[in-house]
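*Asks:* One structure follows; several queries about it will come next.
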Amino acid sequence: MAYRRNGRSRPKTKRDEPSSPHAFVRVLTLVVALMLTAFRLPGMTVWCLGWLAARLTARRPVLSGKGLDGRPAPGDERERRMEASWRRASRWLDGGLSPLYADAMPAMAIACLDYGWISSASGTWRPIMAGADMLACWLAVMGVGQQRRDMTCTVRGLDSNMRRMRVRWARKRLPWILTGLGAGLVLGVLQSAWTGVWWPMPMLMCLGAAAPMWPAWRANRKRFHTDYESRLMVGRWIAGLNKPPFDALPGGAHDTRVGADGSRVFQLDVSNAVQWANDSTMKTFTPVTQADGMLAGFAFMGRDRTRVTVAVCPADAPDPADLLADRTMLEARLMVDETRMGAMYGAFPGRVTDVRIVASRDGRPAVRSFRIDGSNADWDMISRDWLKGAAPGAFGDWMNTENILVTADPGGGHGWVSVDADWDSYEWDVETMRPLMSDTLTRRHDDPVRYMRLIGEDKRLKSIMSGGLEPVKLPAPETIFHDNTEIIADPAGWRITSYAMAIGRAYTAADYMRSNLRGAFSESPIADFLPWLEGDRPRSRLLQFVHAPNTDDNRGMPDTLRALTGDSRARSLLARVIVSHACALALKTPPTVGAASQLGVGANSAWRIPIRLEGGLTASDLRRVQERLKSAMGADETLWEWRDQGHAILWAGGVPSMDARDWRSRRDMDRMIRLRLDEAWAASKATGADGRPVTTLRVEDGGGRLVKASFALPAGLGVEGAMGRLDAFRATGGFMYARRVRGDAPLTLLLSRMDPLPERVMADWRLMGADPDSTGLPFAVGDDGRTVLFDPHDTAHLLITGQTMSGKTSAAVTLVNAALLHGWQAFVGDPVKSGNDFAPVKGKLSGFATGLDECAAMLDWIDREGRRRLALQKEHGAENIDMLPAGIRPPRIIVFLDEFVSLLELSKGVKRNPTGDPDVDNMIMMDAWRDRLKRRIGASVSHILTQHRSQGITMILGSQMMKAESMDALPDAGLAKSQMGRLFVGAGDVRGNVSARNEREGGPADPSGHGFGRHAERQGRVRAHGARPADGAMLVVRSERGRAGPHGGRAGRDAGRLVGSAAGQTEAGGRRRPIVGRGRGYDGERRRGPGRR
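Residues in the sequence shown are numbered from 24 upward in steps of one, following my numbering.
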């Protein structure tokens, strides 16, 4: 085969052609040899020597063509015949003479026969001549056999590089060879004994030894001719190319297998396999192969680059069942189509090998496994790109046009080819298939049908995920552990599926959690990634994929936490998915969401879910997206329980129930309440430097409608900062009432969601006079619902201040009524209003003063009475009035002075009377007289406050805008003020009436009866509903459990002290008016009070 690449071949003439007599010598020698042999002369010797002479005289013809390697080559048929003739002559006795092969035995038998033929004539020289001719005969036969095995000495096979290998002795046929050899020996001996001729004996022995090798020789010849036909077919295609895409002609073909439809698979020796196994070579060969009605493909043989595997198949596809039944047909089709698929996706083809039968149908192979050797395409690429799920028969997927199904095994080592995907209809060879099953897909290798179905499911999931993850530049998970796949059904009928998956080392769980696959899975209600948890710890490269398909059964699946009630396993997983999806939408880095626990029962939806923040997120980041998280979760309330900087527990769901019966544990409800308080602090911006809010330590019953809550403050937030956000805390937490109290925590508050004060309280006169020996005077109801007592043992004296109509006189009226019912002596002084509020009990009073002089006289008498009682105590050696004998013990005294500020204010300035006007002189005299009386009153009041506590004298001072500093005008004012509790009622400035630390609490008081009380630096707000004693109304005062005075004192019954705060009860139209109660006075007469002051 020649190709004119550069220029034209030079014209040939008779003179240019060298003279080569080898053909004439060979023919003449052969004729002479046959004639001599016929006359029993050494013709074989002439034959051997004559052809040897032809070899020496042979000259190669001048060739006009040029081969692919640039060397001369035959340019036409004549030159091919000349080249073949020259090769036959020049290669005479060129190899193939070894007697160690089986084909040497027939040549030896022919040589023995030649010896017998020549030696049969008479003559002493005959044996010597016959022996020499015998040797020449053996060489001639061996040389002819060698030329017949060399196809390059023929015109057709001139460029084939095909030489049939000699047949070696077969070890497995050794017994038959020895038997034949022995049989020939026996026959030869018998013949020699019969005829006396010895030469038939070696001839028969050679024929007997060669006879068992006859089948091997035939098989070798048949195999060679099959390979030779394959090589000639390739050579014919190459001859049809204008410009072959390789630099040298291929070598020989080997290991040809022929299918039932004429398909061929064989190996071809080449100089560079890369030039053959590529898309351009296939496209170059396509026209010439299709002209023969064939399709051809070239594939690499592993890493060997000196050979390629050639697959040839008819252009018309056979029946799928016939294709699967014939291995050669199947391999050829697979490799031909593999070349096409590799060209489409940039992969070079590899040979199909290790084809095994794993299942059959109707007694014929229907499912096979196979491997690919030499391709750069791995099975993941093949599954992803080559097998996209095109319809059978359509152009697209690998082997799709042949209507058979190729499936890539997830193990990445082999593939499967089958007639169809009806796996139940096959008869499986479990033992053959078991080692082919991959542990990557499942560890159960006893069910081939399940395994093949899992392959389809695995591919389906990865294909959908690849499309859904493409917008976020993520690959599908590498491995799906189907043994861990679980379908979780809910009693309501809906169900979800959980998968375990592994991702690549270059990615994290957070990368996949940010993706949204719900649209990719046909608008499924759930298609989310979660970290895989082992215990409470997430795995780094393992994910849990939760999917709920869009089916009729899942129509009723809840999609919000508020609607997700119950505690089934499916609902717990669904709650975790909802929270994780919401966090992935709202946060930059999705956190790790732990297992969800349902805390409520019935319709109460309360989920507890641990969360670990990732990517450097802090509590501040969660606070910023709090409302967005709540909306995405579908929760009415979200509460955060912080364990440390990166770990929190989320409490979320519907509106939490305050009924303990709606909770699985009372502790959970209490914890929820504490978290709601934490959330209220956080919403009010009362957070520390790291964004963590105030933390609730404990919540206790505060009595009545009150709750006592203790709080811990985060770093960076002090008590003043927390109190500065108290109003915002009340608003966000829904508390109408909040008041700071003393406690062992950094901050302790009394809280109530509604006004803890009753709207109206009727005085219980039986309670007020039930224990006359007691010194506690019940005069109010506290915010905890308990009766408030005023006990002189705790607080000897009381200062009541407030504006007009604020209700300060009502407190005094109630206390005086209580004192009268206890048998005390009561004194009332009112120099401004003449004591009209006490008119109903004026007859029961021991003293009633309406002017300055009367007040001064009454206080002088009380002071002297105190001195008399002090002398009586000294006489009997008693420390206080309570220690005096009952027979001589005087009753206690309660004194009320209203408008006390007017008793302290002296005349301003010095009046002058230059004209001597008598009226002015009278005014100056009156001012001087009043000032003397006020000084007397101040001295008496100061002495009573500081000296007569032990004598059972209690003083109540009332004033409108008097402050504690106003009492500095009294003698020994410091000691006097320390003996007094304070009750601030109504609007006004609380500064001076309470300590600076508690001024904030007294701010919201208003004139409708709300006030603020102080017992020796113990504060509390007060709301008074004023009424005269005859009306039976009691002053309503916020209280706290227990009694505590400024100086200790004896323990008394459980009673409240003046503490607390209150916002006004309001209606839609504004402030609610106080109600004046009706009742009976202590004297049993029914009266109607004139109203509140």
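Cβ coordinates follow ideal geometry from the N, Cα and C atoms, glycine included.
Model, not experiment: these values are computed from the prediction.
Compare the C-alpha of S392 against each of A366, E425, L353, S398 and name the closest.
*Replies:* Numbered from 1 along the sequence shown, position 369 holds the residue referred to as residue 392. S392 has its Cα closest to that of L353, out of A366, E425, L353, S398.
*Asks:* Determine the closest residue to G870 out of M881, G98, D860, with distance taken between C-alpha atoms.
*Replies:* To locate residue 870, count along the sequence shown from 1; it is residue 847. Out of M881, G98, D860, M881 has the C-alpha closest to the C-alpha of G870.
*Asks:* Got a sec, what are the start and stop residues for the beta strand (DSSP E) H45 sits in?
*Replies:* Residue numbering aside, residue 45 sits at position 22 when the sequence shown is read from its first letter. Segment 45 to 61 is the alpha helix (DSSP H) holding H45; no beta strand (DSSP E) there.
*Asks:* Helix, strand or coil for K496, going by three-state DSSP, please let me know.
*Replies:* Here residue 496 refers to the residue found at position 473 of the sequence shown. K496: coil per DSSP, three-state reduction.
*Asks:* Which residue or residues does DSSP assign as beta-bridge partners of Q567?
*Replies:* The sequence position of residue 567 within the sequence shown is 544, counting from 1. BP columns for Q567 point to A523, L553.
*Asks:* Can the beta-carbon of A732 be found closer than 7 Å to that of L772?
*Replies:* As a first step, residue 732 is located in the sequence shown; it is residue number 709 there, counting from the start. As a first step, residue 772 is located in the sequence shown; it is residue number 749 there, counting from the start. Yes; because the gap between Cβ atoms is below 7 Å, this pair is in contact.
*Asks:* Alpha carbon to alpha carbon, what distance is there between T307 and R374?
*Replies:* Within the sequence shown, numbered from 1, the residue matching residue 374 stands at position 351. Within the sequence shown, numbered from 1, the residue matching residue 307 stands at position 284. Each residue's Cα considered, the two are about 20 Å apart.
*Asks:* Just list the residues that DSSP pairs E723 with in beta bridges.
*Replies:* Taking the first residue of the sequence shown as 1, we reach residue 723 at position 700. The partner list for E723 (beta bridge, DSSP) reads K731.
*Asks:* For F802, which of L774, R776, K831, D778 has the nearest alpha-carbon?
*Replies:* As a working note, residue 802 is residue 779 in the sequence shown. Closest option to F802, Cα to Cα, is K831.
*Asks:* Buried or exposed: T977, going by 16 or more other Cβ atoms within 10 Å of its Cβ?
*Replies:* On the sequence shown, position 954 is the one that residue 977 refers to. Looking at its Cβ environment, which holds 16 or more other Cβ atoms inside 10 Å, T977 is buried.
*Asks:* Only counting runs of 3 or more residues, tell me where the beta strand (DSSP E) segments fall wholly within the region 791 to 865, in order along the chain.
*Replies:* You should have 800 to 804, 810 to 813, 820 to 825, 848 to 852.
*Asks:* Could you tell me which whole alpha helix (DSSP H) segments of length 4 or greater appear in the region 94 to 174?
*Replies:* Qualifying alpha helix (DSSP H) stretches, in chain order: 100 to 113, 127 to 142, 149 to 172.
*Asks:* Could you give the C-beta distance for W260 and T312, rounded to a whole number, given that I count them as a contact under 8 Å?
*Replies:* Looking up residue 260 in the sequence shown gives position 237. Looking up residue 312 in the sequence shown gives position 289. Going by Cβ atoms, the distance from W260 to T312 rounds to 6 Å, so yes, they are a contact pair.
*Asks:* To test your reading of the DSSP string, which unbroken beta strand (DSSP E) runs of 3 or more residues are found completely within the region 634 to 698?
*Replies:* 660 to 665, 670 to 676, all fully within the region 634 to 698.
*Asks:* Leaving aside the five residues before and after D432 along the sequence, list all residues of the same chain whose C-beta is less than 7 Å from its C-beta, in chain order.
*Replies:* Against the sequence shown, residue 432 aligns to sequence position 409. Excluding sequence neighbours, D432 sits near W402, G438, W439, S461, I478.
*Asks:* Enumerate in chain order the residues of its own chain whose CB-to-CB distance from W199 is below 6 Å, with the five nearest sequence positions on each side excluded.
*Replies:* In the sequence shown, counting from the first residue as 1, residue 199 sits at position 176. Taken in chain order, the residues that qualify are P235.
*Asks:* Per DSSP, what kind of secondary structure is V600 in: helix, strand or coil?
*Replies:* Numbered from 1 along the sequence shown, position 577 holds the residue referred to as residue 600. Reduced to three states, the DSSP call for V600 is helix.
*Asks:* Alpha carbon to alpha carbon, what distance is there between L822 and L1006?
*Replies:* The residue given as residue 1006 occupies position 983 in the sequence shown. The residue given as residue 822 occupies position 799 in the sequence shown. About 6 Å.
*Asks:* The beta strand (DSSP E) with L774 in it runs from where to where?
*Replies:* Within the sequence shown, residue 774 is the residue found at index 751, counting from 1. Segment 770 to 775, the beta strand (DSSP E) holding L774.
*Asks:* Exposed or buried, what is Y368 when buried is set at 16 or more other beta-carbons lying within 10 Å of its beta-carbon?
*Replies:* Along the sequence shown, read from residue 1 onward, the residue named residue 368 stands at position 345. Classification for Y368: exposed.
*Asks:* If we call anything under 7 Å between Cβ atoms a contact, is A735 one with T755?
*Replies:* Within the sequence shown, numbered from 1, the residue matching residue 735 stands at position 712. Within the sequence shown, numbered from 1, the residue matching residue 755 stands at position 732. Contact: no.
*Asks:* Give me the residue from L597, V624, K611, A609 with the minimum Cα distance to G617.
*Replies:* As a working note, residue 617 is residue 594 in the sequence shown. Out of L597, V624, K611, A609, L597 has the C-alpha closest to the C-alpha of G617.
*Asks:* Which residues does DSSP list as the beta-bridge partners of C336?
*Replies:* Along the sequence shown, one-based indexing puts residue 336 at 313. L318, per the DSSP bridge assignment.
*Asks:* If you measure between the beta carbons of V209 and A107, is that distance less than 7 Å?
*Replies:* As a first step, residue 209 must be located in the sequence shown, where it is residue number 186. As a first step, residue 107 must be located in the sequence shown, where it is residue number 84. For V209 and A107, no; Cβs fall outside 7 Å.
*Asks:* Taking DSSP's pairing of strands, which residues face T718 in a bridge?
*Replies:* As a position in the sequence shown, residue 718 is number 695, starting the count at 1. DSSP, once it has assigned bridges, lists A735 as partnering T718.
*Asks:* Alpha carbon to alpha carbon, what distance is there between F923 and I947?
*Replies:* The residue labelled residue 947 in the question sits at position 924 within the sequence shown. The residue labelled residue 923 in the question sits at position 900 within the sequence shown. The straight-line gap from Cα to Cα measures roughly 23 Å.
*Asks:* May I ask you to verify whether the region 261 to 278 touches the region 212 to 229, counting CB pairs closer than 8 Å and requiring at least 3?
*Replies:* Judged by Cβ distances under 8 Å, the region 261 to 278 makes no contact with the region 212 to 229, as fewer than three pairs qualify.
*Asks:* Contact between the region 344 to 358 and the region 376 to 395 is defined here as three or more beta-carbon pairs at a separation below 8 Å; is this criterion met?
*Replies:* Yes, the region 344 to 358 touches the region 376 to 395.
*Asks:* Do the region 510 to 529 and the region 577 to 594 meet, that is, are 3 or more Cβ pairs less than 8 Å apart?
*Replies:* Taking 8 Å as the limit for Cβ pairs, the verdict is that the region 577 to 594 does touch the region 510 to 529.
*Asks:* S680 and N627: beta carbons closer than 7 Å?
*Replies:* Counting from one through the sequence shown, the residue named residue 680 turns up at place 657. Counting from one through the sequence shown, the residue named residue 627 turns up at place 604. Closer than 7 Å, so yes.
*Asks:* Going by other Cβ atoms of all chains shown within 10 Å of its Cβ, with 16 needed for buried, is G412 buried or exposed?
*Replies:* Taking the first residue of the sequence shown as 1, we reach residue 412 at position 389. So G412 counts as exposed.
*Asks:* For G231, which residues in the same chain have their Cβ closer than 7 Å to its Cβ, ignoring the five residues on either side in sequence?
*Replies:* Here residue 231 corresponds to residue number 208 of the sequence shown, with the count starting at 1. So the qualifying residues of the chain are G203, L204, A206, G207.
*Asks:* Kindly indicate the opening and closing residues of the beta strand (DSSP E) around L927.
*Replies:* On the sequence shown, position 904 is the one that residue 927 refers to. Per DSSP, L927 belongs to no beta strand (DSSP E); it is in the alpha helix (DSSP H), 923 to 927.
*Asks:* Given a threshold of 16 other Cβ atoms within 10 Å of its Cβ, counted over all protein chains shown, does K897 qualify as buried or as exposed?
*Replies:* Taking the first residue of the sequence shown as 1, we reach residue 897 at position 874. Exposed, since its Cβ has fewer than 16 Cβ neighbours within 10 Å.
*Asks:* Helix, strand or coil, according to DSSP, for Y368 in the structure here?
*Replies:* Working through the sequence shown from its first residue, we reach residue 368 at position 345. Coil at Y368, not helix or strand.
*Asks:* Measure the alpha-carbon distance for A709 versus D481 and round it to whole angstroms.
*Replies:* Here residue 709 is taken as the residue at index 686 of the sequence shown, counted from 1. Here residue 481 is taken as the residue at index 458 of the sequence shown, counted from 1. Each residue's alpha carbon lies about 52 Å from the other.
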